[in-house]
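Report on one structure; see the data block that follows.
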Amino acid sequence: MYKIINKQRLHEIIYSMWIEAPEVASSVQPGQFIILMITEKGERIPLTVADFNREKGLIRIVFQVVGKTSEELSTLEEGDTLFSFIGPLGKKTEIENYG
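Under this note's numbering, think of the first position of the sequence shown as 320, with each following residue one higher.
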């Protein structure tokens, strides 16, 4: 289980959450994403990693309520847990030095 450490409502339908996920935080790179499931029988939803803290084992996600699962996610509170939090997935962002 993956614990919600912090939740903020940024706008009417936009939320930020810090999730305790040390195994993801240990290897995530900018530009990667995760797939989470709220419950065992829930839908899998991909979300971009907005920020991370390797030392504390935390991943930040920011999402907009657009459907049933994101609406359900928005109702969770600090201390609640997620069933699954898979990642990091995708390719990291490559930024070349042009200067």
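Don't be surprised by glycine CBs; every beta carbon is placed ideally from N, CA and C.
Inter-residue Cα distance where the pair is residue i and residue j
i	j	result
glutamate 397	tyrosine 321	11 Å
glutamate 342	arginine 373	9 Å
threonine 358	glutamate 415	40 Å
glycine 361	glutamate 413	33 Å
glycine 409	valine 385	23 Å
glutamine 383	serine 389	7 Å
Other residues of its chain near residue i: CB distance less than 6 Å, five sequence neighbours each side excluded
i	result
valine 381	Ser335 and Ala369
Exposed unless 16 or more other CB atoms sit within 10 angstroms - verdict on residue i
i	result
isoleucine 338	buried
glycine 418	exposed
glutamine 327	exposed
glutamine 348	exposed
leucine 329	exposed
phenylalanine 402	exposed
isoleucine 332	exposed
glutamine 351	buried
isoleucine 353	buried
Where residue i sits in the DSSP three-state scheme
i	result
arginine 387	It should be noted that the sequence gives lysine, not arginine, for residue 387. DSSP places lysine 387 in helix when its eight states are reduced to three.
proline 407	strand
proline 349	coil
threonine 394	helix
glutamate 339	strand
Neighbourhood of residue i by C-beta, 7 Å cutoff - its chain only, sequence neighbours within 5 removed
i	result
serine 346	Pro407
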